[in-house]
């Protein structure tokens with residue numbers, strides 16, 4: 168099977184999955200607005216999660232406090248609950264009991280778009296789009312903000328390197344950056 172056939176099959180599966188997406192239920196007793204600015208202190212209090220009634224708990228009465236700005240590594244064997252714990256923060260998973268708080272505010276009460284606006288993911292596997300440097304840096308943003316892209320490149324110590332590329336931030340990277 169060639170890559171195009173595999174890609175088409177994956178696209179068809181993705182489209183079918185999107186047809187089954189249910190709208191996210193609104194926050195329980197929503198906050199008027201999310202805490203501003205968000206510092207990022209995370210607290211779990213007696214959080215339990217199981218994926219099916221009667222199944223073993225993926226998390227069982229977990230209590231955890233992570234101060235804002237703290238770096239934390241979640242380490243454990245497969246099935247220990249690391250992914251479940253992380254999936255609680257953007258409400259991909261809801262606890263069966265207990266509370267998840269960010270900066271003291273229960274995430275169950277945050278409007279989902281406000282909550283997820285403060286989340287980002289860094290994958291182990293880097294994937295570069297067949298697009299410009301700017302489009303790759305702004306990945307997920309509704310529009311490319313050139314000033315913000317340049318600031319991000321400076322923050323990542325890449326501004327000088329990108330400036331040497333033929334079209335700077337407008338240089339096309341090619342699939343998985345093969346043009347670099």
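Numbering (our numbering), first residue to last: 168 to 347. Idealized CB from N, CA, C, for every residue including glycine. Keep in mind it's a predicted model, so treat the numbers as computed, not measured.
1) How many angstroms separate the CA atom of residue 209 from the CA atom of residue 226?
2) On a CA-only basis, which of 331, 292, 301 is nearest residue 339? Give me that one, please.
3) Where does residue 182 sit, in a helix, a strand or coil, going by DSSP?
4) Identify every residue that forms a DSSP beta bridge with residue 231.
5) Return the bridge partner residues of residue 268 from the DSSP annotation.
6) Pull up the CB-CB distance for residue 294 and residue 304, whole angstroms please, since I reckon it's below 8 angstroms.
7) Could you give the residue range of the alpha helix (DSSP H) that holds residue 237?
8) Can you tell me which of the three DSSP states residue 253 falls into?
9) Leaving aside the five residues before and after residue 234 along the sequence, list all residues of the same chain whose C-beta is less than 7 angstroms from its C-beta, in chain order.
Reading off the structure:
1) 16 angstroms
2) 301
3) helix
4) 211
5) 210, 273
6) Actually they are not in contact, since the Cβ atoms of residue 294 and residue 304 sit about 14 angstroms apart, beyond 8 angstroms.
7) Counting along the chain, residue 237 falls outside any alpha helix (DSSP H), and DSSP gives it neither H nor E.
8) helix
9) 208
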